[in-house]
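First up is the structure itself, then whatever we jot down about it.
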Amino acid sequence: MEPAVPAGIRSRHGVCVLPMSRLQAFTRETGMDHESTDTSGIDVRYVANLARLHLTDAEIDTFQGQLSQIVDYVQTINQLDLTGIAPTSHAHPLENVFRADEVKPSLDRAEVMRNAPQSRDGQFIVPKIVE
Amino acid sequence: MNYLTSIGLEVHVQLRTRSKMFCGCAVGFGAEPNTQTCPVCLGYPGAMPTMNGEAVRLTVRTGLTIGAQINARSKFDRKSYFYPDMPKNYQISQYDQPLCEHGSVQIDTPAGGKVVRIRRIHLEEDVAKNMHFANASGVDFNRAGTPLMEIVTQPDITSAEEAFAFLVALKQILQYAEVSDCNLEEGNIRCDVNCSVRPEGQEQLGTKTELKNLNTFKGVLNALKYEAPRQVEVLRRGGTIVQETRRWDGDAGITTSMRTKEDAHDYRYFPEPDLMPVVLAPAQVEAWRATLPEMPRARRERFVSEYGLPDYDAGVLVADKVVADFFEAAARQAPNAKAVSNWMMTEMLRLLGETERDIRSVPITPQALAGLVRLTEARTINSNTAKEIFAELFEKGGDPEAMVKQRGLGQVSDTGAIAALVDEAIAENAKSVEDYRKGKLAAAKFIVGQVMKRSKGKADPQLVTKLLEERLAAGA
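Quick look at the structure:
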């Protein structure tokens, strides 16, 4: 039986924004908190570095275990015979969702700049980019 | 030992759309920073992209012009990377199912024609522009989200010159297909260059380096003229080439290593959940194919066969579509297409170059040029008068036939009248006549000049020469 996905997981951007306490509860409920033999191939330290996340060693251990279990769980699908089944990236049978090439009003710049921690000459200011 | 060079290009072309790829913000160059932005192109969480159908059509149209396969099914993916030009931390692009694959572009090389295979054409969004201040950098999102088509070649190019020829040929195709403005100054075409060398006889390609974001064709040419010999030199000295990204420094004329982190290219592509796949029915693709204009190469061949132009002239004329259009409109109304071509190749392109003007912005019309050719072909005016009229048409426009009539510029072809002028000139230039008789043939030219002067430039110079030679031979 499928575990109920707790409210708070929003996967639309492919990012799990579940608070740590909820995630721990989720993994407990689904039995994912057991030691796994990690067949996921996920290297949390490497992925965290790619995502510019600074994690402590303890956090890396925690997430390595949790993420491995999640991936292991998803791999259940491999128990099915998937020969000839194309990978599915959308559940909806929609295609060709286009808009016409028409210009719509943009945001007012003052409005846009309200979210800029720092700005100058109408530009967002970021730490100096050194290539 | 000889070394072979292999070059592959990734050409980013800004498509000619009014609005951005995934939102309705205007696409445009030169606007005040961050005035053409919205939550989608600023990368706000929760903002949903919607695909610009016109960008898809223009990409497929490009694929059709280079004989590419148009994939029935295509999808978009997220390419993850971290850089201040992309606040979402991913760029929407196409990974394993691009819109077009397997095309080709023909180029001219000193050794003859050659085919450069195109691996794929995919569609993606452009990123923001960064500006650098002393202690910080600025980000302008006006360009972010502009529809960008990436054309990727196979490593079929074997020299800097071929790379340049390819870009020129590609630009012509894009202009003819009207898919991009191809304005290099506005960054409409930008190029990443992959280059490797290997000893002659070795099958496998050598380790490549990548030169990123070159925005002029000359830059590509010069960067490769440096980079390929640099690699050969490293190998000759027993060194090895490191796979890396290098920066072209146009001022110093060298490429330098950018020492990027090794994992910077782990893009972790995955399907874009916010965009549905593009499925193109064969009937749709065929309908688009039916609207394709004649391509520059075909047009060049037609100019040779239909108008009898030399291949070189045809190549010069078709290089710019509007110039070719002008020529053809004039040639269709003129008695001699070659004469029209001569005007285009000489006076027209010279004056356009000198005045730095576009043929669309000068007052001379194809009708006027055809009229001028009619006048010279009928020998109503001589070539000097024609040149003067051309210069005036170029500046002010007008109808050459009316101008000649009104001003009495018609050439005198009346044998009797010219003969009288020739006789006068002979009588008054006894010294030159004597020189001519002594074998100084150039003296005749001087006398012809005197006759032309007497006719106020209106005599037919060929007739003058003929009559003069007859008179002198007869011992007048």
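Chain order of the listed sequences is G and L. With positions in the first sequence counted from 1, the corresponding number in the numbering used here is that position plus 313. With positions in the second sequence counted from 1, the corresponding number in the numbering used here is that position plus 199. A virtual CB, placed ideally from N, CA and C, is assigned to each residue, including glycine. Given the structure is predicted, the values throughout are model-derived calculations rather than measurements.
query	result
Mind listing the chain G neighbours of L:E253? Cutoff is C-beta to C-beta under 7 angstroms, in chain order.	D414
L:A615 lies in the alpha helix (DSSP H); which residues open and close that run?	First, the residue type needs correcting, since residue 615 of chain L is Gly and not Ala in the sequence shown. L:G615 -> alpha helix (DSSP H) spans 614-627.
Considering only residues of the stretch 506-573 of chain L, which uninterrupted alpha helix (DSSP H) runs meet the minimum length of 4 residues and lie entirely inside it, listed in chain order?	510-517, 520-530, 536-542, 548-554
So L:F589 and L:E546 are in contact, right, with Cβ under 8 angstroms, and what is the actual spacing, rounded?	5 angstroms
Could you name the residues of the same chain whose beta carbon sits closer than 7 angstroms to that of L:A246, not counting the 5 residues immediately before and after it, in chain order?	P238, V239
So for G:I442, helix, strand or coil by DSSP?	coil
Which residues in the same chain as L:G507 place their Cβ atom closer than 8 angstroms to its Cβ, once the five residues preceding and following it in sequence are excluded?	A536, K537
Chain G beta carbons: is any one of them nearer than 7 angstroms to that of L:C299?	no
Taking 7 angstroms as the CB-CB cut-off, is L:M348 touching chain G?	no
Interface residues of chain L around G:F437 at Cβ under 7 angstroms?	G337, V338
Using the three-state DSSP reduction, which class does G:S402 fall into: helix, strand or coil?	coil
Write down every uninterrupted run of the beta strand (DSSP E) in the stretch 233-284 of chain L whose length is 3 residues or greater and which is fully enclosed by it, in chain order.	276-279
Looking only at its chain, what residues have a beta carbon closer than 7 angstroms to the beta carbon of L:R467, apart from the 5 residues adjacent to it on each side?	S279
What three-state label does DSSP hand L:M348 in the structure shown?	strand
For G:E408, would you say it is in contact with chain L, using Cβ-to-Cβ distances shorter than 7 angstroms as the test?	yes
Taking only runs of the beta strand (DSSP E) that begin and end inside the stretch 308-371 of chain L, which ones reach a length of at least 3 residues, in chain order?	311-324, 328-331, 335-339, 346-352
L:T455 lies in the beta strand (DSSP E); which residues open and close that run?	453-456
Name the chain L residues whose beta carbon is nearer than 8 angstroms to that of G:D356?	Here the premise fails: no neighbours, minimum Cβ distance about 11 angstroms.
Answer with buried or exposed for L:D510, where buried requires no fewer than 16 other C-beta atoms within 10 angstroms of its C-beta.	exposed
7 angstroms is my cut-off, CB to CB: does G:I442 come that close to chain L?	yes
Exposed or buried, which one is L:N270 when buried takes at least 16 other CB atoms within 10 Å?	buried
For the stretch 378-403 of chain G, list every residue whose C-beta sits within 7 angstroms of some C-beta in chain L, in sequence order.	S402, H403
Using a threshold of 7 angstroms, state whether the C-beta atoms of L:P309 and L:L214 are closer than that.	no
In the DSSP assignment, the beta strand (DSSP E) including L:S395 goes from what residue to what residue?	388-398
L:D465 CB to nearest chain G CB: under 7 angstroms?	yes
Does the separation of the CB atoms of L:S303 and L:I317 fall below 7 angstroms?	yes
Could you tell me whether any Cβ in chain G is nearer than 7 angstroms to the Cβ of L:L342?	The question names Leu, yet the displayed sequence has Arg at residue 342 of chain L. Not one chain G Cβ lies under 7 angstroms of L:R342.
Tell me which residue opens and which closes the beta strand (DSSP E) that L:K411 is part of.	408-413
Can you tell me whether L:A626 is buried or exposed? The criterion is at least 16 other CB atoms within 10 Å of its CB, across all chains shown.	exposed
Closest to L:A629 by CA distance: which of L:A616, L:F645, L:G615, L:R573 is it?	L:F645
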